[in-house]
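*Asks:* Encoded as structure tokens, here's the structure I'll be asking about.
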């Protein structure tokens, strides 16, 4: 329910409190599947970092008010700096609060002075949740951007920025994404916060997977995005489960981030919902069939799914 409310806020802000065009709805957008591939990886207006000719592309769906996005950003930057063959495509997907839309517009306006990455990173270092206008202004200043120029670009390019945010929203809906962060890494979808080692492992798995299919062009590599069936990646579920279990432990111990019972319970409920959405494929018939046949990654994913739900229920009951 909270996620749906967030999307409604975004839709209203982007469309001037008018109804979103039908072309942005999931089923309607899904009819133009080849266009979805192009927009995901090659939208000319989407900010790009790293090596533009890298062998692996990371598409990052992020919200500036998402604490897990903030946590992953520094590690993503460190990893990209360590691997010269990574291309990053940023998808500002402001779904959590009105200030998420404000921050996304500010970051995108910084493109016209080649400061998107700097402003993006500064916004991801904000502490408030939701972020305030003052924090956003301070982040822009800290990034070394020309604020007067940024304000002019916000006005001059308002329609372009709004159109890009609408496309990002449509892409997320077409992919049936349910929360941030989500990283599309080669052929894999990772709906979780990754650290440096996490990015390194998934990229390695992606390269191994693509090497095993030398005949696949880039369009074939991302066919799962259109067909809705990502290849199994050993360890992917385990990383997600371990991260969420660690979060649950911190919440139950009364970590400073969870400063009252209400916040802890809400966080646990959100994480439980996120884990259910992110791990939903584990209960699907194909995964069950592979697990029953002795497929180790499938069996591990199924077992981890059961383990996290037990822990989530226990944590929520004691929060």
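Residue numbers (mature numbering (1 follows the signal peptide of the UniProt record, and there is no 0)): -30 to -1, 1 to 289. C-beta: ideal position from N, C-alpha, C; glycine also. All values derive from a computational prediction rather than experimental measurement.
Would the beta-carbon of residue 42 fall within 8 Å of that of residue 164?
*Replies:* Yes, the pair counts as a contact, with Cβ atoms nearer than the cut-off.
*Asks:* What separation, rounded to the nearest whole angstrom, lies between the Cα atoms of residue 117 and residue 33?
*Replies:* If you take the alpha carbons of residue 117 and residue 33, they lie about 22 Å apart.
*Asks:* Report the start-end ranges of each alpha helix (DSSP H) in the region 90 to 121 that is 4 residues or longer and not cut off at the edges.
*Replies:* Runs found: 103 to 112.
*Asks:* Say whether the region 65 to 80 touches the region 101 to 112, bearing in mind that this needs 3 or more beta-carbon pairs closer than 8 Å, one atom from each stretch.
*Replies:* Short answer: they touch.
*Asks:* For residue 181, is the classification buried or exposed, using 16 other Cβ atoms within 10 angstroms of its Cβ as the cut-off for buried?
*Replies:* So residue 181 ends up on the exposed side.
*Asks:* Using a Cβ-Cβ cutoff of less than 6 Å, which residues in the same chain neighbour residue 90 once the five nearest sequence positions on both sides are dropped?
*Replies:* Once the five neighbours on either side are set aside, the close Cβ partners of residue 90 are 77.
*Asks:* The beta strand (DSSP E) spanning residue 62 covers which residue range?
*Replies:* Looking at the DSSP string, the run of the beta strand (DSSP E) that includes residue 62 is 56 to 62.
*Asks:* Check the DSSP bridge columns for residue 155 and list the partner residues they point to.
*Replies:* DSSP output for residue 155 lists 28 and 158 as bridge partner(s).
*Asks:* If you draw a straight line from the C-alpha of residue 194 to the C-alpha of residue 146, how long is it?
*Replies:* Any reading at residue 194 needs caution, since the residue's pLDDT is 41, under 50, leaving its predicted position unreliable; the model's value is listed next. In a straight line, the C-alpha of residue 194 is about 13 Å away from that of residue 146.
*Asks:* Do the region 126 to 140 and the region 92 to 99 meet, that is, are 3 or more Cβ pairs less than 8 Å apart?
*Replies:* The region 126 to 140 vs the region 92 to 99: no contact.
*Asks:* What does residue 18 pair with, by DSSP beta-bridge criteria?
*Replies:* Answer is 59.
*Asks:* Around the C-beta of residue 123, are 16 or more other C-beta atoms found within 10 angstroms, so that it is buried, or is it exposed?
*Replies:* It counts as buried.
*Asks:* What number of angstroms, rounded off, separates the C-alpha of residue 28 from the C-alpha of residue 65?
*Replies:* Spanning the two alpha carbons is a distance of roughly 20 Å.
*Asks:* Helix, strand or coil: which one does DSSP assign to residue 71?
*Replies:* It is helical.
*Asks:* Could you tell me the alpha carbon to alpha carbon distance between residue 12 and residue 19, rounded to whole angstroms?
*Replies:* Spanning the two alpha carbons is a distance of roughly 13 Å.
*Asks:* Let me know if residue 22 comes out buried or exposed under the rule of 16 or more other beta-carbons within 10 Å of its beta-carbon.
*Replies:* So residue 22 ends up on the exposed side.
*Asks:* Between the Cα of residue 52 and those of 179, 173 and 38, spot the shortest distance and give me the residue it belongs to.
*Replies:* If we check each option's Cα against that of residue 52, 173 comes out closest.
*Asks:* Please say whether residue 151 and residue 31 have beta carbons closer to each other than 8 Å?
*Replies:* Yes, the Cβ-Cβ distance between residue 31 and residue 151 is below 8 Å.
*Asks:* Taking DSSP as the reference, what is the three-state secondary structure of residue 46?
*Replies:* Helix.
*Asks:* For the alpha helix (DSSP H) holding residue 179, just list the boundary residues, first then last.
*Replies:* Run containing residue 179: 166 to 181, per the alpha helix (DSSP H) assignment.
*Asks:* Considering just the uninterrupted stretch of the alpha helix (DSSP H) at residue 130, what are its terminal residues?
*Replies:* Counting along the chain, the alpha helix (DSSP H) containing residue 130 begins and ends at 128 to 144.
*Asks:* Near residue 298, what residues of its chain come up, given a Cβ to Cβ distance below 6 Å and the 5 sequence neighbours on each side ignored?
*Replies:* Outside the shown range of the chain (-30 to 289) lies residue 298, about which nothing can therefore be said.
*Asks:* CB-CB under 7 Å to residue 9, same chain, minus the five flanking residues each way: which ones, in chain order?
*Replies:* Once the five neighbours on either side are set aside, the close Cβ partners of residue 9 are 137 and 141.
*Asks:* So, using beta-carbon positions, are residue 86 and residue 92 closer together than 8 Å?
*Replies:* Cβ atoms of residue 86 and residue 92: not closer than 8 Å.
*Asks:* Whose C-alpha, out of 17, 48 and 171, is nearest the C-alpha of residue 58?
*Replies:* With distances taken between Cα atoms, residue 58 lies closest to 17.
*Asks:* Is it buried or exposed for residue 121, if we count other Cβ within 10 angstroms and need 16 for buried?
*Replies:* Exposed is the call here.
*Asks:* Name the residue from 15, 24 and 6 whose alpha carbon lies nearest to the alpha carbon of residue 377.
*Replies:* Lying before the first or after the last residue shown, residue 377 is absent from the chain, which here runs from -30 to 289.
*Asks:* Quick check: the Cα distance between residue 15 and residue 125, rounded to an integer number of angstroms?
*Replies:* Rounded to the nearest angstrom, the two C-alpha atoms are 17 Å apart.
*Asks:* Tell me whether residue 125 sits in a helix, a strand or coil according to DSSP, three-state version.
*Replies:* Note: residue 125 maps to helix in three-state DSSP.
*Asks:* Would a check of beta-carbon distances place residue 35 closer than 8 Å to chain C?
*Replies:* Included in the structure is just one protein chain, with no chain C present.
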